[in-house]
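So the sequence shown is residues 33 to 157, counted in our numbering.
Don't be surprised by glycine CBs; every beta carbon is placed ideally from N, CA and C.
Written below as structure tokens is the structure these notes are about.
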Amino acid sequence: MGPIPSAITLHQKSRLLEVVFGPDERYELSCEFLRVHSPSAEVRGHGPGQGELPLGKEHVNILTIEPVGQYAVRLVFDDGHDTGLYTWAYLQRLGRDRDRLWQTYLDARAAAGAARPGLPPQTEG
């Protein structure tokens with residue numbers, strides 16, 4: 033069995049999701065980061081090169097967190113997106129690789145002519 037978070041806390045005012053896997057593994061992930069890295073087919077696509085580049089998600093927030101069995105959560109965003117299942121392993125990977133994944137996203141935006149300055153507010157995990 034993979035990782036299981038000991039706590040998941042939504043901080044709507046600061047638009048952060050805090051995910052704790054243990055005393056030494058805690059991540060704060062911005063709602064924008066989670067939205068643009070949604071594991072849904074809408075964002076990822078159904079095959080290589082078929083995904084979309086989500087834009088305009090700078091102010092997106094999470095409305096609710098719905099448990100899915102014992103292995104994932106569904107995040108319901110205020111832009112209507114709710115189709116991605118965030119497994120525990122995927123949330124852990126997002127936390128561990130956050131800086132690299134965010135830079136890849138910023139680079140893709142810049143290449144598409146839609147540059148966004150800076151990182152969203154979040155603390156080190």
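Practice task
Using 10 angstroms around the beta-carbon of K89, count the other beta-carbons present and answer buried if the total reaches 16, otherwise exposed.
Solution key: buried
Problem - Classification of S70 by the beta-carbon crowding that lies within 10 angstroms, buried from 16 upward - result: buried
Exercise for the section: Consult DSSP for T41 and reduce its assignment to one of helix, strand or coil. Expected result: strand
Problem - Three CB pairs or more closer than 8 Å across the region 53-68 and the region 117-131 - result: yes
Exercise for the section: Would you list the residues sitting across from L61 in a DSSP beta bridge? Expected result: L49
Problem - Those residues which DSSP pairs with E98 across a bridge - result: R106
Exercise for the section: Excluding the 5 residues preceding and the 5 following D110 in the sequence, name in chain order all residues of the same chain whose CB lies nearer than 8 Å to its CB. Expected result: V92, N93, I94 and L95
Practice task
Take R141 as the anchor and find which of L42, F53 and L87 has the nearest alpha-carbon.
Solution key: L87
Handout entry: CB-CB length for T119 against Y137, believed under 8 Å
Key = Rounded, the Cβ-Cβ distance is 20 Å, inconsistent with contact.
Exercise for the section: Would you list the one or two residues that DSSP bridges to L117? Expected result: R106
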